[in-house]
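Novice: Residue numbers (numbering that gives the first Met the number 0), protein chains in the order written: chain A, 0 to 453; chain B, 0 to 89.
Yeah, the Cβ is synthetic: ideal placement off N, Cα and C, and Gly gets one too.
My structure is below; once you've seen it, I'll send some questions.
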Amino acid sequence: MINIYEVTETNEMIEKENLDVRTITMGINLLDCADTDLDTCCKKIHDKIYESAKDLVKTGETISQEFGIPIVNKRISVTPIALVGASCCKSEDDFIKIAKTLDQVTEEIGVNLLGGYSALVAKGMTKADELLIRSIPRALAETNRICSSVSVGSTKIGINMDAVRIMGDIIKECAELTKDTDSSGAMKLVVLCNPPDDNPFMAGAFHGVTEADRIINVGVSGPGVVKTALEKVRGENFEVLCETIKKTAFKVTRVGQLVAKEASRMLNVPFGIVDLSLAPTPAVGDSVADILCEIGLEYAGAPGTTAALALLNDQVKKGGIMASSYVGGLSGAFIPVSEDQGMIDAVKAGSLTLEKLEAMTCVCSVGLDMIAIPGDTKPTTIAGIIADEMAIGMINQKTTAVRIMPTIGKTVGDVAEYGGLFGYAPIMPVNQFSCDDFVNRGGRIPAPVHSFKN
Amino acid sequence: MKKTIITVVGKDTVGIIAKVCTYLADNGINILDISQTIVSGYFNMMMVVDMNSSAKEFGNVCNDLDALGTEIGVLIKCQKEEIFESMHRV
């Protein structure tokens, strides 16, 4: 039988170390809502999402009370809208109407965010893909809870550099349209390489076409739990360090598995995956950078950071994989800047630069995340940053992403304020040399060779 | 049988167990096991209970115990056993 020490350990993780279930995300297939008439399509989308997810928030709250564990977000991911709206959307405004429909139903249900205002254009863009992409800045500025993602590359296909170039402009436009709130619109847009179909985390969540009609995906998080566990093994060797991370990740992921199974049972929707991520928040003690410091670095960004992050990411996966029957999504350590107080401190101290972050994305779970850059950064420079990050994903067969916010009216030394879970971010300097001729070439970067590995 | 774990944490004082047990008895909740320690001056108790014949819904019991905890000045949590089972047992 469970003993008092085990009960105390679990409850201390929850109460003192910020262990929580970060999100229950219901994936909903909208392909059957496609219609040649826009109004009919919007109605079908509204009704299907409402019927599928109307009990999602209540279920999350019930589970949270039964197990005494916070479930921070309840979210929805849908089929990429460029596919759903292809047969009825003839203009950007048509796609924006769908975005508003999604926003409305999301508010009616009471979930936090909906992801899937997306297009998958790794090889080429259809007319609908391009219309959706061009509509993103307005769609994000005119809605509250919609998140958007565009996949522009993959290991099997290569990188669509035309799309990369356009995304440089789109990110800048998102920033311009939301300049009153420190360009917060750009926070809701992510550019991806090798995106998973079952990611429960925003802003990159969408319900892939390989998925069932509806599915429950759960994301767990507990940077504080790992940090506290590592405090007890200070000065020990790497074997002890890695074992400790693995065991802790196992325990954290087991909670996610339990919650996912329970949500699946209560909602009568199949269980998809558990995403075993270390996702930080600005709360004290909920930081991935603090784990890196506990491993032995003065600040995140110091020499050794990439190695420390690599072992952390790998041990989290090793511990988590055995704890859940199906692991998926992004799974690993997220390294956003604005959502992690330790990362913010590292930037302020001059330890962490954009270039070091790029190196870290080779071994973390995703990519350049929640990074504020000067508002006068050129769209071509943003496209160059995206191209670099997509190349890392393509060559290393991993998911990579770019979510950067050019902060209009602010520059290096200023701070972008986002509020709440999104925190704040010091504006980071960007390399000022031009890549215009590179990103303006047009066309595609071919798929990499899958042999001769070294 | 699904079991529930009730934990009581707080400053030690007279009658904590009595008050919690009285509430449970009044509502038809059967206590299967009790263990208790004092950790750095703090009272720390765990009860394993069977709520199958409980007069009240799980959520209401949680809320009542939470209120009772506030009244006595301790923190009372009521959680289904599975969260501990899944975390600590392979």
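#1: Comparing the C-beta of Lys250 of chain A with each C-beta of chain B, is any distance below 8 Å?
#2: Among B:Lys2, B:Gly14, B:Lys1, B:Cys20, which residue has its Cα nearest to the Cα of Asp63 of chain B?
#3: Taking only beta-carbon atoms, is Arg253 of chain A less than 8 Å away from chain B?
#4: Is it a yes or a no for the stretch 70-82 of chain A touching the stretch 15-23 of chain A, going by three-plus beta-carbon pairs under 8 Å?
#5: What does a CB cutoff of less than 7 Å around Thr58 of chain A pick up in its chain, not counting 5 residues either side in sequence?
#6: Please identify, using Cβ separations under 7 Å, the residues of the stretch 53-87 of chain B that lie next to chain A, in order along the chain.
#7: Alpha carbon to alpha carbon, what distance is there between Pro447 of chain A and Gly394 of chain A?
#8: Rounding to the nearest angstrom, what Cα-Cα distance links Arg213 of chain A and Ile15 of chain B in this structure?
#9: Note the first and the last residue of the continuous beta strand (DSSP E) segment covering Leu31 of chain B.
#10: Is the distance from the Cβ of Ala309 of chain A to the Cβ of Val362 of chain A below 8 Å?
#11: Checking 8 Å against the spacing of the C-beta atoms, do Asp413 of chain A and Ile426 of chain A come in under that value?
#12: Can you tell me which of the three DSSP states Lys79 of chain B falls into?
#13: Taking only beta-carbon atoms, is Asp11 of chain B less than 8 Å away from chain A?
#14: Please state whether DSSP places Gln416 of chain A in a helix, a strand or coil.
#15: From the beta carbon of Asp25 of chain B, is the nearest beta carbon of chain A less than 8 Å away?
#16: With DSSP as the reference, label Arg457 of chain A as helix, strand or coil.
#17: Taking Cβ-Cβ distances shorter than 8 Å, what residues in chain B pair up with Phe66 of chain A?
#18: Tell me the residue span of the alpha helix (DSSP H) that contains Pro378 of chain A.
#19: Taking CB distances under 8 Å as the criterion, tell me whether Ile334 of chain A reaches chain B.
#20: Is the stretch 311-320 of chain A in contact with the stretch 230-237 of chain A, if contact means three or more CB pairs nearer than 8 Å?
#21: Would you mind telling me which residues of chain B sit closer than 9 Å to Ile403 of chain A, beta carbon to beta carbon, in chain order?
#22: Thr6 of chain B to Val73 of chain B, Cα distance in whole Å?
#23: So, does the stretch 48-66 of chain A touch the stretch 43-52 of chain B, judging by three or more C-beta pairs under 8 Å?
#24: Just to confirm my understanding: we take Gly223 of chain A, look at its own chain, exclude 5 residues before and 5 after, and list those with CB closer than 6 Å. What are they?
#25: On the DSSP letters alone, give me the boundaries of the alpha helix (DSSP H) that Cys361 of chain A sits inside.
#26: DSSP state of Cys292 of chain A, grouped into three classes?
#27: Since Arg164 of chain A and Asn439 of chain A should fall inside the 8 Å C-beta cutoff, what is the C-beta to C-beta distance between them, to a whole number of angstroms?
#28: Pull up the distance between the alpha-carbon of Gly408 of chain A and that of Asp168 of chain A, whole angstroms please.
#29: What residues of chain A sit near Ile28 of chain B, judged by a beta carbon separation below 7 Å?
#30: Is Val273 of chain A closer than 8 Å to Gln256 of chain A when the C-beta atoms are compared?
#31: Specify, as a first and last residue, the run of the beta strand (DSSP E) that Cys192 of chain A falls within.
#32: On the CB-based measure, 16 or more other CB atoms within 10 Å of its CB, does Met396 of chain A come out buried or exposed?
#33: What is the rounded straight-line gap between the Cα of Ala98 of chain A and the Cα of Leu113 of chain A?
#34: Out of A:Ala138, A:His449, A:Leu30, A:Asp289, state which residue places its alpha-carbon closest to the alpha-carbon of Gln103 of chain A.
#35: Cβ closer than 7 Å: which chain A residues qualify as neighbours of Met45 of chain B?
#36: Leaving out five residues on either side along the sequence, give the residues of the same chain with a beta carbon under 6 Å from the beta carbon of Ile381 of chain A.
Specialist: The relevant details are as follows:
#1: yes
#2: B:Cys20
#3: yes
#4: yes
#5: Ala262, Met265, Leu266
#6: Phe57, Gly58, Cys61, Lys76, Gln78, Lys79, Glu80, Glu81, Ile82, Phe83, Glu84, Ser85, Met86, His87
#7: Reading off the sequence shown, one finds Ile at residue 394 of chain A, where the question assumed Gly. Approximately 7 Å between the Cα atoms of the pair.
#8: 47 Å
#9: 29-38
#10: yes
#11: yes
#12: strand
#13: no
#14: Residue 416 of chain A is actually Glu in this sequence, not Gln. Three-state result, Glu416 of chain A: strand.
#15: no
#16: With chain A covering only 0 through 453, there is no way to say anything about residue 457 of chain A.
#17: Gln78, Lys79, Glu81, Ile82
#18: 378-395
#19: no
#20: no
#21: Those within 9 Å of Ile403 of chain A in chain B number zero; the least Cβ separation is about 37 Å.
#22: 10 Å
#23: no
#24: Glu16, Asn17, Gly284, Asp285
#25: No alpha helix (DSSP H) holds Cys361 of chain A; DSSP gives it neither H nor E.
#26: helix
#27: 7 Å
#28: 17 Å
#29: Simply none; closest approach about 15 Å.
#30: yes
#31: 188-192
#32: Residue 396 of chain A is actually Gln in this sequence, not Met. Under this definition Gln396 of chain A is an exposed residue.
#33: 10 Å
#34: A:Ala138
#35: Ile3, Val6
#36: Gly167, Ile170
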